[in-house]
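K.L.:
There are 2 protein chains.
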Amino acid sequence: MSTRWLDDTEMTAWLRLAAVLELLPGVLDSQLRRDAELTHYEYFVMAMLSEAPKRTLRMTALAQRTNATLPRLSHVVKRLEDRGIVERFPCPEDARATNARLTAAGWKKIRATAPGHVATVRQHIINVLTPEQLAQLADITGAILKSVDPEGNLSEVYQR
Amino acid sequence: MSTRWLDDTEMTAWLRLAAVLELLPGVLDSQLRRDAELTHYEYFVMAMLSEAPKRTLRMTALAQRTNATLPRLSHVVKRLEDRGIVERFPCPEDARATNARLTAAGWKKIRATAPGHVATVRQHIINVLTPEQLAQLADITGAILKSVDPEGNLSEVYQR
DNA sequence: GCAATAAGGTTGTAGCTACAACCTTTTGCT
DNA sequence: AGCAAAAGGTTGTAGCTACAACCTTATTGC
Chain V
13 MSTRWLDDTE MTAWLRLAAV LELLPGVLDS QLRRDAELTH YEYFVMAMLS
63 EAPKRTLRMT ALAQRTNATL PRLSHVVKRL EDRGIVERFP CPEDARATNA
113 RLTAAGWKKI RATAPGHVAT VRQHIINVLT PEQLAQLADI TGAILKSVDP
163 EGNLSEVYQR
Chain L
13 MSTRWLDDTE MTAWLRLAAV LELLPGVLDS QLRRDAELTH YEYFVMAMLS
63 EAPKRTLRMT ALAQRTNATL PRLSHVVKRL EDRGIVERFP CPEDARATNA
113 RLTAAGWKKI RATAPGHVAT VRQHIINVLT PEQLAQLADI TGAILKSVDP
163 EGNLSEVYQR
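Respectively, the protein sequence lines represent chains V and L. Just so you know, this note's numbering puts 45 at position 33 of the first sequence, and the rest follows in order with no gaps. Just so you know, this note's numbering puts 113 at position 101 of the second sequence, and the rest follows in order with no gaps.
Here is the structure:
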């Protein structure tokens with residue numbers, strides 16, 4: 013089985029994407045950690061809860077929306093719970109399930125934190141791209157997500 | 013200071029990019045871990061060494077090319093050294109510096125591992141994009157890298 | 001010349017994630 | 001009904017990364 017290697021164009025695109033994968037998470041994490049003692053993933057969990065009805069979601073649904081495994085989410089939510097940012101309670105309809113809800117303190121915290129985070133995203137992503145490039149980026153990442161997560165088990169943000 | 017929030021187009025592009033940041037590393041890592049007991053970062057270190065003259069680079073240069081901090085690289089190289097994949101030796105020109113060199117076993121290992129890794133990259137990135145999108149991706153990631161790493165301290169893969 | 005500072009690396013450790021094991025409740029089958 | 005399998009979560013732990021502290025050798029300033 014002979015390998016088809018990457019040509020120059022393919023290699024450049026891939027190397028740059030790999031560099032972004034390596035560097036961008038650190039940039040996001042360090043702003044949030046400095047300004048709010050949060051990781052980007054923790055922020056994202058709070059953001060998804062804040063947009064949900066009653067600021068509540070089942071753990072499984074929350075894991076999907078944050079593109080994470082359930083064990084990872086479980087650990088993160090426990091830490092957020094210890095900090096008074098979220099609370100967990102059993103789901104009435106299904107005794108197996110657990111609901112996670114953003115507390116009042118958590119709601120206050122994400123409202124205080126969001127502006128700085130959005131500014132960071134603008135600074136490094138939105139503002140450095142043209143509107144056309146932004147649309148291209150949505151299409152490109154949509155295609156990649158479709159192949160990385162074919163069954164749509166995780167986030168559905170890439171679905172039309 | 014009032015915040016300018018993200019509109020729908022901006023939000024979609026960013027949510028999808030964030031999902032890729034979260035999911036793609038795991039896909040790459042698990043293929044390499046399964047087939048070669050390597051993380052993607054370890055593979056990348058080996059790849060950069062394999063393309064260098066004498067398969068040797070100074071730690072600082074290697075850290076730059078792999079978009080990593082020196083402490084992280086130092087730990088990784090130590091583990092690779094324990095496995096006989098790389099070797100370290102003092103740099104003759106500068107007594108402070110350390111050189112890292114890919115061993116014969118390391119060279120053999122990356123040659124054996126590369127086809128599977130390239131196939132994974134093709135499957136999830138290259139093959140799901142058109143040639144135009146690939147060029148767009150290179151430009152977009154280039155712009156992001158320029159803002160994330162303005163001084164060009166790290167990788168120079170984004171420079172024209 | 002010789003401190004002071006910078007450059008190049010290594011090491012220790014806290015904290016986060018992946019993976020596996022486990023428990024409980026629900027669903028499906030017959 | 002009753003039992004097997006699936007769904008929903010949690011917990012334990014190994015391993016990797018970030019951050020800070022530290023050591024050694026070069027370079028700079030005066």
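Ideal Cβ placement from N, Cα and C applies to all residues, glycine included.
1. Please name the residue in L:Ala31, L:Phe56 and L:Asp41 whose C-alpha comes closest to that of glutamine 76 of chain V.
2. Check whether the region 140-154 of chain V touches the region 123-131 of chain V, taking contact to mean three or more Cβ pairs, one atom from each stretch, closer than 8 Å.
3. Check whether the Cβ atoms of leucine 114 of chain L and serine 42 of chain L lie closer than 7 Å to each other.
4. For glutamate 93 of chain L, does the three-state DSSP call read helix, strand or coil?
5. Could you spell out where the alpha helix (DSSP H) holding arginine 70 of chain V opens and where it closes?
6. Express the C-alpha separation of alanine 80 of chain L and isoleucine 138 of chain L in angstroms, rounding to a whole number.
7. Taking histidine 87 of chain V as the query, report the chain L residues whose CB atoms sit under 8 Å from its CB, ordered along the chain.
8. Could you tell me whether the Cβ of alanine 155 of chain L comes closer than 7 Å to any Cβ of chain V?
9. Over the uninterrupted alpha helix (DSSP H) stretch that includes leucine 149 of chain V, give me the two end residues.
10. Hey, would you say alanine 109 of chain L sits closer than 7 Å to cysteine 103 of chain L, going by beta carbons?
11. Using a Cβ-Cβ cut-off of 7 Å (strictly less than) and excluding sequence neighbours within five positions of valine 98 of chain L, which residues of its own chain qualify?
12. Against serine 62 of chain V, what residues of chain L qualify as contacts under a CB-to-CB distance less than 9 Å, listed in chain order?
13. Can you list the residues of chain V that tryptophan 17 of chain L reaches, using a CB-CB cut of under 7 Å?
14. Using a Cβ-Cβ cutoff of 8 Å, what residues of the region 19-47 of chain L are near chain V? List them in chain order.
15. Drop a sphere of 10 angstroms on the beta-carbon of threonine 24 of chain V, count the other beta-carbons inside from all chains shown, and report buried for 16 or more, exposed for fewer.
16. List, in order along the chain, the chain V residues whose C-beta lies closer than 7 Å to that of asparagine 79 of chain L?
17. Pull up the CB-CB distance for valine 57 of chain V and threonine 78 of chain V, whole angstroms please, since I reckon it's below 8 Å.
18. So isoleucine 122 of chain V contacts chain L; which residues on that side make the cut at Cβ distance below 8 Å?
P.N.:
Looking at the coordinates:
1. L:Ala31
2. no
3. no
4. helix
5. Premise fails: arginine 70 of chain V lies in the beta strand (DSSP E), 68-70, not in any alpha helix (DSSP H).
6. 25 Å
7. Chain L residues near histidine 87 of chain V: none, gap ~16 Å exceeds 8 Å.
8. yes
9. 143-160
10. yes
11. Leu61, Val89, Leu92, Ala112, Arg113, Leu114, Thr115 and Gly118
12. In chain order: nothing, as chain L lies at least about 13 Å away.
13. Val130
14. Thr21, Glu22, Thr24, Ala25, Trp26, Leu27, Arg28, Leu29, Ala30, Ala31, Val32, Leu33, Glu34, Leu35, Leu36, Pro37 and Val39
15. buried
16. Ala31, Glu34 and Leu35
17. 6 Å
18. The premise fails here: isoleucine 122 of chain V is roughly 13 Å from chain L at the closest Cβ pair, so nothing lies under 8 Å.
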